[in-house]
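Structure record follows, encoded as structure tokens.
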Amino acid sequence: MLSERNNEPSDAQRMYLINSTEVRQRIENSPHLSSIFDAAGGDRGRLMADTYVLLLSRRPTALEQSAAEEYLQTRASQGRGAFNDLAWALVNSKEFLCRH
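Written out as structure tokens, the structure is:
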């Protein structure tokens, strides 16, 4: 028996996730992400590892960890804003959509 369900997001769903102020506000105001940010205390490695576990239910690969830490380092002056950008990128990933 074949399922007729299509798990691929529609164009409208993709645009909503990418452009939605509601999604952005939920990330910015998330108590879970806030507690991860506060608990990391500037430790970028811990920050990304805990964020990946929360959003994707797995730890980041070495390449993902390195790229995320580099991004956070180059935007250190943005503080929580740079972290929110990375969380938003994970929320917009196919992997997140398949898990949630």
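Using our numbering, the first residue of the sequence shown is number 15, and each one after it goes up by one.
Using N, Cα and C, we set each Cβ at its ideal position, and we do this for glycine too.
Original post:
By Cβ distance below 7 Å, which residues in the same chain neighbour I32 in space, the five residues on each side in sequence not counted?
Top reply: N106
Subject >> For S48, the nearest candidate out of T35, E36, L68 (CA to CA) >> reply: L68
Subject >> Cα-Cα separation, T65 to A81 >> reply: 14 Å
Subject >> Whole alpha helix (DSSP H) elements within the segment 16–93, 4-residue minimum >> reply: 25–33, 35–42, 45–54, 58–70, 76–88
**OP:** Give me the Cα-Cα distance between G59 and Q79, rounded to the nearest whole angstrom.
**Re:** 7 Å
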